[in-house]
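Asker:
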Amino acid sequence: MFRFDRRLRAVLDEVRCSVLADIGCDHGKIAVGALLEGRASAVLAVDVSAKSLQKTVALATEYKVSDRIRPIIGDGVLPVKDYAPDCVVIAGMGGNEIVKILHDADYPARYILVPHQDADLVRRYLVPRFAVVKDYIVASGNKFYPVIVAQKGASRYDAAALWFGRNDPPSEDYDEMVRLRKAALQPIVEGSPRVHPRLKEEWEVLKQL
Numbered sequence: 081m082f083r084f085d086r087r088l089r090a091v092l093d094e095v096r097c098s099v100l101a102d103i104g105c106d107h108g109k110i111a112v113g114a115l116l117e118g119r120a121s122a123v124l125a126v127d128v129s130a131k132s133l134q135k136t137v138a139l140a141t142e143y144k145v146s147d148r149i150r151p152i153i154g155d156g157v158l159p160v161k162d163y164a165p166d167c168v169v170i171a172g173m174g175g176n177e178i179v180k181i182l183h184d185a186d187y188p189a190r191y192i193l194v195p196h197q198d199a200d201l202v203r204r205y206l207v208p209r210f211a212v213v214k215d216y217i218v219a220s221g222n223k224f225y226p227v228i229v230a231q232k233g234a235s236r237y238d239a240a241a242l243w244f245g246r247n248d249p250p251s252e253d254y255d256e257m258v259r260l261r262k263a264a265l266q267p268i269v270e271g272s273p274r275v276h277p278r279l280k281e282e283w284e285v286l287k288q289l
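Numbering (the working numbering), first residue to last: 81 to 289.
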């Protein structure tokens, strides 16, 4: 069995379903891992890149689960709509891109989202449309990744949670992320007369934590 970093391990631990759609599957570790660990019975592996899908197919063949993976060249969730997946993973993308994909996610499913930047944009989109089940931080490879698990419904977030997550379930990774972000932002905001409005807004929230 291949190794998972902490980010991929966290994503995989949230998968519990019959049909998993891995959107932007890239190397295929989530898709293949879900099958090997019995977390899904079948996987729809979606990517805009045929080369990435070839990696997924090769990995699935190596671990003898290729008969349970359907590789699909396509963009977002539209290519899997007719297959009715009950779990959807969208990881390895920016917040804006994830929001664009979620615009087309109009069917019931459990969504596991891991934005690599602009996570607050994802949360702002989710609030009136999805019930957030979990929202926590995982440190991996000197970076901090939000893991957001949601389903259809609605949520409530305060300003701090929109920017930095709910820390639910709580973790030391969240505390470390906040500490390092404060250290990084303070000299920028307090040392420059011209600061991007988003950074100003983030700092005003961050310094209250």
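Glycine included, every Cβ here is placed at the ideal spot set by N, Cα and C. Predicted model only: the values in this text are computed from it and were never measured.
Closest to L115 by C-alpha separation, out of D102, D127, P249, would be which residue?
Answerer: Closest by alpha carbon: D102.
Asker: Quick check on Y163: buried or exposed, where buried means 16 or more other Cβ atoms within 10 Å of its Cβ?
Answerer: Its Cβ having fewer than 16 others within 10 Å, Y163 is exposed.
Asker: Determine the direct distance from the alpha carbon of W243 to that of V194, and round the result to whole angstroms.
Answerer: Rounded to whole angstroms, V194 to W243 spans 14 Å at the Cα level.
Asker: Can you give me the C-alpha to C-alpha distance between I228 and H196, rounded to a whole angstrom?
Answerer: Roughly 12 Å between the two C-alpha positions.
Asker: In whole angstroms, what is the alpha-carbon distance linking K109 and E282?
Answerer: The alpha-carbon atoms of K109 and E282 are separated by roughly 34 Å.
Asker: Using only CA atoms, which one of M257, G174, V218, F84 lies nearest to H39?
Answerer: Outside the modelled stretch of the chain, which goes from 81 to 289, sits residue 39, for which no answer is possible.
Asker: Using the three-state DSSP reduction, which class does V229 fall into: helix, strand or coil?
Answerer: Residue state, collapsed to three classes: strand.
Asker: For Y187, name the three-state secondary structure that DSSP assigns.
Answerer: Coil.
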